[in-house]
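S.K.: Under my numbering, the first residue of the sequence shown is numbered 50, with each subsequent residue one higher.
Glycine is no exception: its CB is placed at the ideal position from the N, C-alpha and C atoms.
Nothing here was measured: the structure is a model prediction, and the numbers come from that model.
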Amino acid sequence: MSEDERRGALIALDAVSRPMQPREIEAALFCKGTSRSQRKAIVAAVKRFNIIAVIGPETDDG
């Protein structure tokens, strides 16, 4: 891999692996039907972790 390719790959990796902001975590939980009080508690508990994705169980309705 050339130096330019390596630099490009690192830029792309940084873009997709930055930690989620608390509002982004809350929005992801909202999409799965989590209540507001549950979302607030979950976000407060996990916001110090470097979460890069929230993945839930797949359902038939999307």
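Measuring straight from C-alpha to C-alpha, what distance separates Glu138 and Asn99?
M.R.: Residue coverage of the chain in this structure runs from 50 to 111, which leaves residue 138 outside it and unanswerable.
S.K.: With a 10 Å radius around its C-beta and 16 neighbouring C-beta atoms as the bar for buried, classify Glu75 as buried or exposed.
M.R.: Classification for Glu75: buried.
S.K.: Taking all protein chains shown into account, do 16 or more other C-beta atoms lie within 10 angstroms of the C-beta of Val92, making it buried, or fewer, making it exposed?
M.R.: With 16 or more other Cβ atoms within 10 Å, it is buried.
S.K.: Taking its Cβ as the centre, do 16 or more other Cβ atoms sit within 10 Å of Met50, making it buried, or is it exposed?
M.R.: Label assigned to Met50: exposed.
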